[in-house]
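Trainee: Taking the numbering used here, I'd label the letters of the sequence shown as residues 4 to 190.
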Amino acid sequence: GAAMSSVTVVTPAAQPAPRWKVSLAYATCFLLWGSTWAAVKVGLEDLPPLRFVGARMLLAGVALLPFARSRGTALGGGTGWRIAGLGVLQLAVPFGLLFVAQQWIPSSWSALLFSTFPVWLLLVGRVVFPDQPLTGRKLFSAGLGLTGVVALQHQELVSLSFSGQVLLGCAMTLFAASVVAVANDLR
Numbered sequence: 004g005a006a007m008s009s010v011t012v013v014t015p016a017a018q019p020a021p022r023w024k025v026s027l028a029y030a031t032c033f034l035l036w037g038s039t040w041a042a043v044k045v046g047l048e049d050l051p052p053l054r055f056v057g058a059r060m061l062l063a064g065v066a067l068l069p070f071a072r073s074r075g076t077a078l079g080g081g082t083g084w085r086i087a088g089l090g091v092l093q094l095a096v097p098f099g100l101l102f103v104a105q106q107w108i109p110s111s112w113s114a115l116l117f118s119t120f121p122v123w124l125l126l127v128g129r130v131v132f133p134d135q136p137l138t139g140r141k142l143f144s145a146g147l148g149l150t151g152v153v154a155l156q157h158q159e160l161v162s163l164s165f166s167g168q169v170l171l172g173c174a175m176t177l178f179a180a181s182v183v184a185v186a187n188d189l190r
């Protein structure tokens, strides 16, 4: 018989990033993601919502393409179709809904309603992955995040008057959050 040999490959342990880099990354995410809602509201003053979201996504795609290329990312073997499908579910549908909805609701309401995403993620995940328990800890964490957004937006939230368009905007934003949850669970 043929002799079998095994080779053990040892890889060095990853070093933790310096604290300043972690802090800078956190602050950058905080500023970029936190300002999104207000930036959309301002942009909607000059552009129709779907043209605005399309231009934003095109610009983001062009900006990210060199990073994907530098990592050697290839789109062969059905990968391109999978990326396109997830892009529609994670970006095109939800952001299209959000941009249209923000014509009728304040950015604070958009932020609040979209912050239900972790709750949707838990519920959709429970359906898609029935073996994943819906624990009290997970629900508490999602609820705590939602509570934080409510606390931050309280003043704006109590001043809104309801109309048919406002309710439609709220429903569209909630639906956008649920579509993103589905996309994330399908990844």
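Note that CB positions come from ideal geometry on N, CA and C, so glycine has one too.
Here the structure is a predicted model, which means the values were calculated and not measured.
Could you tell me the alpha carbon to alpha carbon distance between Lys141 and Gly64, rounded to whole angstroms?
Mentor: 33 Å
Trainee: Just the C-alpha distance for Leu94 and Pro21, rounded to the nearest angstrom, thanks.
Mentor: 32 Å
Trainee: On the CB-based measure, 16 or more other CB atoms within 10 Å of its CB, does Leu137 come out buried or exposed?
Mentor: exposed
Trainee: Near Val122, what residues of its chain come up, given a Cβ to Cβ distance below 6 Å and the 5 sequence neighbours on each side ignored?
Mentor: Ala145
Trainee: Rounded to the nearest angstrom, what separates Val127 and Gln105 at their Cα positions?
Mentor: 25 Å
Trainee: Taking the alpha-carbon positions, what's the Ala17 to Ser38 distance?
Mentor: Looking at the two C-alpha atoms, the distance is approximately 33 Å.
Trainee: Quick check: the region 109-119 against the region 172-188, are there 3 or more CB pairs under 8 Å?
Mentor: yes
Trainee: Can you have a look at Gly167 and say buried or exposed, based on whether 16 or more other CB atoms are within 10 angstroms of its CB?
Mentor: exposed
Trainee: Over the uninterrupted alpha helix (DSSP H) stretch that includes Leu50, give me the two end residues.
Mentor: It is not in any alpha helix (DSSP H) - Leu50 carries neither H nor E in the DSSP assignment.
Trainee: Would you report the Cα separation of Leu47 and Ala41, rounded to the nearest angstrom?
Mentor: 10 Å
Trainee: Between Ala154 and the ligand GDP, is the CB less than 6 Å from at least one heavy atom?
Mentor: This structure does not include the ligand GDP; it has no bound ligands of any sort.
Trainee: Between the alpha carbons of Lys24 and Phe143, how many angstroms are there, rounded?
Mentor: 30 Å
Trainee: My understanding is that Phe102 touches Leu53, with C-beta atoms under 8 Å, so please give their C-beta distance in whole angstroms.
Mentor: 7 Å
Trainee: Count the other CB atoms, across all protein chains shown, that sit within 10 Å of the CB of Leu67; report buried if there are 16 or more and exposed otherwise.
Mentor: exposed
Trainee: Going by C-alpha to C-alpha distance, which of Gly90, Val182 and Arg74 sits closest to Gly57?
Mentor: Gly90
Trainee: Checking 7 Å against the spacing of the C-beta atoms, do Leu100 and Ala184 come in under that value?
Mentor: Contact: no.
Trainee: Can you give me the C-alpha to C-alpha distance between Phe33 and Ala180, rounded to a whole angstrom?
Mentor: 19 Å
Trainee: Alpha carbon to alpha carbon, what distance is there between Leu149 and His157?
Mentor: Computed Cα separation, rounded: 12 Å.
Trainee: Quick one: what does DSSP say Gln106 is sitting in, helix, strand or coil?
Mentor: It is coil, neither helix nor strand.
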